[in-house]
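Residue numbers (full-length UniProt numbering), protein chains in the order written: chain Y, 1 to 715; chain W, 1 to 328.
Yeah, the Cβ is synthetic: ideal placement off N, Cα and C, and Gly gets one too.
The structure presented is a predicted model; accordingly, all values stated were derived computationally and were not measured.
Below is one structure; the comments refer to it alone.
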């Protein structure tokens, strides 16, 4: 082994490359960029502006922050549903004026003023909502027009009533309290804004309206087609935005009491910048209160710092505009490319060197020498089946198999011409076994471990296990439960091929050749599941040895079969039985003579074996080449073999032409015949085994003498 | 609705605008004393021709399913900067060339943001308008109002000259209109713009280079904005940068939408801009004569714009099944 290869081996063993993709796949990664920006902004401002973080300075910032937070949360609601509200600036000015007029000129009590102003803001929002939600006008242009309209109205009002509104002869302590008081050092506006933020957060994430909102923003057409009141939901967001803007304006009015012409001018840009900078997407679907708050904090800090720096006029517009453009550009590109980046960054190949591949060529006198014995196999359900990955036969010789449509299908003995859907589970069955009570236990890809009761009801046994301590990805959830066998005491050991890929991407796991899989034990006595073996390379077939203390399992990408002791004196030990298969093993099942059958789904190739020793090559491939051009392992062999517990190969059966059974993923011996299943096949094969025990059945052999006979007579 | 009726309806739309213009003309002539006078009508044409030139630039973008909210900002700050340089002692030609280059650069940046970065048109241009305004106030134009002192030579005739009793700005408006007509109707570029406005994905699939064309669209609107700014500066002998934060840009959209150029793109022509300009010009002139305050004028204009958008959305309805996700 060269120095370089040794380095590769250590480097890929100890550097956890896969974590990058797993972190990128997390939902919270959206917030990471704004938070970094915030930290950066704080660091920069606190160094270049002396006294930036003094109490007095912070108190002003906090008041502005509270006011803006209201508006930005409203904007977030609108953005999330796929709209935009530019009228917030003018609406803010209008509500500011209304609040001041009601308090100063009319001397109304706050109990009237507050609801009145909120109502006014809500009415403005309702106007937008009616136009945009119900009449389907373009949000941007419409709110731009209401922006001008309201601004003109405010100008007219302040021209005519400005003097009365600007001051009051009598002090109104409650009004001043709203603007100037603090609760334990925190301004009232920020306290209220926080309360509202929590409420809206609950509304958006925990309540029906929020879910509808996400649906409308995520895919308006689908939301419409499933019957959501899209128009009403969109309209409601504008009303909420209006009310929240009014709330912000109330605090502003009570704080400054200003009716100047510049109140709220350009506020829509500030708020939009805050909302988008926080990570809320233009165009809908992505948005949260947390994002709004992060964005608002950044924008308030930046604008405040610009004022403190005392730069020339225009600076603040320039900087805000640039930040806004940059934020939108990042947002647009991020939303568009996130999945693409994720797909590429997620696949994280590692170094893996397989032992030399045994010969299979005809005439090589290898134990795996190719033959054509399976060409005589007959077909069951030809053209009617779709992906019978695993097959099993019951006591009455009926044949069960899975299908890609999420069914377990039963063929009736003796001729297997008739079939029925035994039970519909919903996910593709990948492994099957009968338990002591002759109930079918099934591993369902993407769903977990299920049991089918005698009256054909699917019952979930397990879909989660213990989460490992330092996993970034949530590995408590089962993604690809693959094959199972049941220990005599009733415990079910089943393999989960990979924790990093869903069932439709299972082949991508081959590019990583990392031990992503595990074996889980389900204990029916307390219903718990626990991972017993992890970091396996696509553990697939699993079968009990019959000594009540160990089982065999196959690792597909590892091309090996191992034995694990779950009880007895060697408990916890693993021993490799066959280290160097010429292909990728799939299911293992018992044979009538005490040995084991193992299916081979595909043959190794020198190229892919070499590629597995070159992780950087595979990484470049994933980055630069389209996914359908990637190099995958061969999945094209019709081969199975029989082996002893000592690792000796006893028999090999091939379908050389690959016509009848292009890939074999499972086989069951039953009364002298061998039944063959394949993940991509449209049939089940039947092969007459010469010299096999014609009375032997898997169930009787395994459960026979332990079984409760009374159960059987009940049937 | 049959195809035949639809054609008649769209014809009606343009005729309607002309009919309303005619009616307004008659009403104003009868009710407003100072309206039907040669001096007022000439000044009406002169005032509205600025709006018209800008609207033609806007139309070139709107037809390609875009919108350019930067036009006014580009107009005042590119010409403003030119005259700041001129006042500072630079040759007028060189100063104007630099201003023009600035305008084109801004237009190109906007176009790149829209076409390559894929920021929605309306949003990119809104943010760009803010950036240009900020940049202009910060670095290019120190005061709100630049008075043009000194001899600008033949350029002065752009604002104050006249051809056959028509003021120069009106003549230039017609020239720009003709040029735009040729550009949109008779060149490959124009055909591409219509195709992109009609169906961007289909144009892209059929091999039209939609990104470069979009950049060109925004560059040409910036070019037209610069021309309009130059003419305006020559007419009033000053550049008022406060216009950048006024509602003038909405007047331009108003002209385009009222004229009957659908915001969904692919429809309309220079003729629509002419009729829209006529109507808005009449309206603005009439309201000024009636001494309606600036704010009240804004209210009336925004209500009309709202109405125009509503009519636009009724005539070109958006369907839940076909509307684009994220189309704001």
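Residue 298 of chain W at chain Y interface by Cβ criterion, 7 Å:
yes
Closest by C-alpha distance to residue 385 of chain Y, when choosing among Y/421, Y/171, Y/160 and Y/350
Y/421
Among the candidates Y/699, Y/13, Y/255 and Y/19, whose CA atom is the shortest distance from the CA of residue 395 of chain Y?
Considering only alpha carbons, the answer is Y/699.
With 8 Å as the limit, tell me which residues of the stretch 303 to 332 of chain Y have their beta carbon closer than that to any beta carbon of chain W; keep them in chain order.
311, 312, 313, 314, 315, 316, 317, 318, 319, 320, 321, 322, 324, 325, 328, 329 and 332
What did DSSP end up calling residue 517 of chain Y once you bin it into helix, strand or coil?
strand
Just by C-beta distance, which residues in the stretch 231 to 257 of chain Y are closer than 7 Å to chain W?
Contact residues of the stretch 231 to 257 of chain Y toward chain W are absent (C-beta to C-beta distance below 7 Å).
Using a 10 Å radius around the Cβ and a threshold of 16 neighbouring Cβ atoms, would you call residue 149 of chain Y buried or exposed?
The residue is buried, with at least 16 neighbouring Cβ atoms inside 10 Å.
Among residues of its own chain, excluding the 5 on either side of residue 120 of chain Y, which ones have a beta-carbon nearer than 8 Å to its beta-carbon?
94, 95, 98 and 246
When the Cβ atoms of the stretch 518 to 533 of chain Y are set against those of the stretch 490 to 510 of chain Y, are three or more pairs found closer than 8 Å?
yes
Measuring only the C-alpha atoms, how far is residue 92 of chain Y from residue 264 of chain Y?
6 Å
Consider the Cβ of residue 697 of chain Y: report whether some Cβ of chain W lies at a distance smaller than 7 Å.
no
Beta-carbon within less than 6 Å of residue 357 of chain Y's beta-carbon, same chain only, minus the 5 sequence neighbours each way: which residues are those?
582 and 604
Run through chain W and tell me which residues come within less than 7 Å of residue 135 of chain Y, C-beta to C-beta.
Within 7 Å Cβ-Cβ: 310 and 313.
Figure out for me which residue from Y/445, Y/366 and Y/291 has the closest Cα to the Cα of residue 197 of chain Y.
Y/291
What residue range does the beta strand (DSSP E) around residue 46 of chain Y cover?
Element bounds for residue 46 of chain Y: not the beta strand (DSSP E) but the alpha helix (DSSP H), 32 to 48.
Is residue 75 of chain W closer than 7 Å to residue 276 of chain W when the C-beta atoms are compared?
no
Using 7 Å as the limit for Cβ to Cβ distance, is residue 225 of chain W near chain Y?
It does not: the Cβ of residue 225 of chain W has no partner Cβ on chain Y nearer than 7 Å.
Find the nearest neighbour of residue 158 of chain Y within the set Y/262, Y/199 and Y/238, judged by alpha-carbon distance.
Y/262
Cα-Cα separation, residue 172 of chain W to residue 218 of chain W:
21 Å
Chain W contacts from the stretch 271 to 282 of chain Y (Cβ-Cβ distance under 7 Å):
282
Between residue 234 of chain Y and residue 133 of chain Y, is the Cβ-Cβ spacing less than 7 Å?
Result yes, Cβ atoms of residue 234 of chain Y and residue 133 of chain Y sit closer than 7 Å.
Look up residue 220 of chain W in the DSSP assignment and say whether it is helix, strand or coil.
helix
Report back the beta-carbon spacing between residue 301 of chain Y and residue 45 of chain Y to the nearest angstrom; my notes put them in contact at under 8 Å.
6 Å
Residue 163 of chain W bridges to which residues according to DSSP?
BP columns for residue 163 of chain W point to W/166.
Which same chain residues end up closer than 7 Å to residue 512 of chain Y when comparing Cβ atoms and leaving out the 5 residues on each side of it in sequence?
347, 348, 349 and 350
Within the continuous alpha helix (DSSP H) that includes residue 72 of chain Y, where are the two ends?
55 to 80
Write down the C-beta distance between residue 592 of chain Y and residue 692 of chain Y rounded to the nearest angstrom, noting that I regard them as a contact closer than 8 Å.
5 Å
Pair every Cβ in the stretch 531 to 538 of chain Y with every Cβ in the stretch 634 to 648 of chain Y, then say whether three or more of these pairs are closer than 8 Å.
no
Taking only beta carbons into account, state which residues of the stretch 150 to 164 of chain Y come closer than 8 Å to chain W, listed in chain order.
151, 152, 153, 155, 156 and 159
Identify which residue in W/60, W/233 and W/206 has its Cα closest to the Cα of residue 252 of chain W.
W/60
Considering only DSSP beta bridges, list what residue 543 of chain Y is partnered with.
DSSP, once it has assigned bridges, lists Y/552 as partnering residue 543 of chain Y.
Looking at the structure shown, is residue 718 of chain Y part of a helix, part of a strand, or coil, going by DSSP?
Residue 718 of chain Y lies beyond the residue range present for chain Y, which begins at 1 and ends at 715; the question has no answer from this structure.
Does the count of Cβ pairs from the stretch 305 to 312 of chain Y and the stretch 92 to 110 of chain W closer than 8 Å reach three?
no
Determine the closest residue to residue 23 of chain W out of W/308, W/243, W/282 and W/86, with distance taken between C-alpha atoms.
W/282
Can you check whether the C-beta of residue 5 of chain W is within less than 7 Å of a C-beta belonging to chain Y?
Residue placement at residue 5 of chain W is flagged as unreliable, the pLDDT there being 46, under the threshold of 50; a coordinate-derived value is accordingly withheld.
Identify whether residue 642 of chain Y lies in helix, strand or coil by the three-state DSSP scheme.
strand
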